[in-house]
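K.L.:
For reference, the structure I am asking about is given below.
2 protein chains.
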Amino acid sequence: MEIEIDVNDETPIFLQLVNQVKEMVSSGAITTGFSLPSIRQLANELGVNQNTVAKAYKMLERDAIIVARGYRGTFIHENAQQNCQVNLQDKGVEIMAEAITNMRALGLTDSEIRISFTALMKQSK
Amino acid sequence: MEIEIDVNDETPIFLQLVNQVKEMVSSGAITTGFSLPSIRQLANELGVNQNTVAKAYKMLERDAIIVARGYRGTFIHENAQQNCQVNLQDKGVEIMAEAITNMRALGLTDSEIRISFTALMKQSK
DNA sequence: GATGTATTATTAGATCAAGTAGTACAATAA
DNA sequence: TTATTGTACTACTTGATCTAATAATACATC
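Same order as they appear, the protein sequences are chains A and B. In my numbering, each number is its position in the first sequence, counted from 1, plus 4. In my numbering, each number is its position in the second sequence, counted from 1, plus 4.
Written out as structure tokens, the structure reads:
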């Protein structure tokens, strides 16, 4: 595991972590079953907060790149390399782009679109 | 014309204007051909900026509630009452709500949904 | 001089992302 | 017991961004 954090990089730390793990999986540097360092351990090594690493791990697990097994540690998912190809964010952008296009087609102003969005995102809390 | 602005209301001023005009049209308080005060005049009466009133008028015109005739002033649209029934905003909210639901179903976090939305709304400027 | 319209710049307030800090829990290995 | 694991939660700070509104113009039309 050779993860490095560039504080000067504008990219958020948790994203740097996610990207580097994905890169290593994509390139085959680490494969299924590989054991990742624990959240606390990696946080200590990198000098960042546990929560930051936890955030990255959580995102990687959601994308089925890694699998957390509680006290047993965290491992590379069996379909990790394959799942690296799937970009959930891109799919989300497509959905949102279509919605915005449709709303604009109705004649709604950007201001109104923002109001709708904001109102909907507030409810969930 | 009895428009009142509640500064303490969380609703934006321009929206209060829009809603009140629509309300008056719906209730039949003002009908087709009725002449609205000029943007500058209403802005003075209410003690708000011209641009705020202009924004409201622009929105009402888009919804075919009023018709701006340049130097001749601004009047109630001939199909105003009917067009008040059509709630463009509600349709927009439906579209957006569906998009958000689909994105969440994919597993995207609210944070990521916001990032997608913000990125898409930036381009248009 | 009045109309609607358009532009740019600016301020105030709210909101959010990112990260940190601290704490707590159940499960389990040594 | 003792330490470690992932997980969860609240609270806080910092910086960035956006909205709403204001302010000040400017234009063509009549």
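Don't be surprised by glycine CBs; every beta carbon is placed ideally from N, CA and C.
Mark B/Ser120 as exposed unless 16 or more other C-beta atoms lie within 10 angstroms of its C-beta, in which case mark it buried.
P.N.:
With at least 16 other beta carbons inside 10 angstroms of its own, B/Ser120 counts as buried.
K.L.:
Determine, using beta-carbon pairs with one atom in the stretch 98–115 of chain B and one in the stretch 89–107 of chain A, whether at least three such pairs fall under 8 Å.
P.N.:
Contact holds: three or more Cβ-Cβ distances are below 8 Å.
K.L.:
Hey, A/Gly77 and A/Ser39: beta-carbon distance below 8 Å or not?
P.N.:
yes
K.L.:
Under three-state DSSP, which class holds B/Ile9?
P.N.:
coil
K.L.:
Rounded to whole angstroms, what's the CA-CA distance from B/Gln28 to B/Leu50? Just pull it up for me.
P.N.:
The displayed chain sequence assigns Met, not Gln, to residue 28 of chain B. If I take the Cα positions, the gap works out to 17 Å.
K.L.:
How big is the Cα-Cα spacing for A/Leu64 and B/Ala84?
P.N.:
53 Å
K.L.:
Are any of the Cβ atoms in chain B nearer than 8 Å to that of A/Ala72?
P.N.:
No, A/Ala72 does not count as interfacial toward chain B.
K.L.:
How big is the Cα-Cα spacing for A/Leu21 and B/Pro41?
P.N.:
Inter-residue distance for A/Leu21 and B/Pro41 is about 59 Å (C-alpha atoms, whole angstroms).
K.L.:
Please give the ranges of any beta strand (DSSP E) in the stretch 44–108 of chain A, keeping only runs that are unbroken, at least 3 residues long and fully inside the region.
P.N.:
70–72 and 78–80
K.L.:
Helix, strand or coil for A/Leu40, going by three-state DSSP, please let me know.
P.N.:
strand
K.L.:
Suppose the cutoff is 7 Å on Cβ atoms and the five residues either side in sequence are ignored; what does the same chain contact list for A/Ile9 look like?
P.N.:
Ile17, Gln20, Leu50 and Val52
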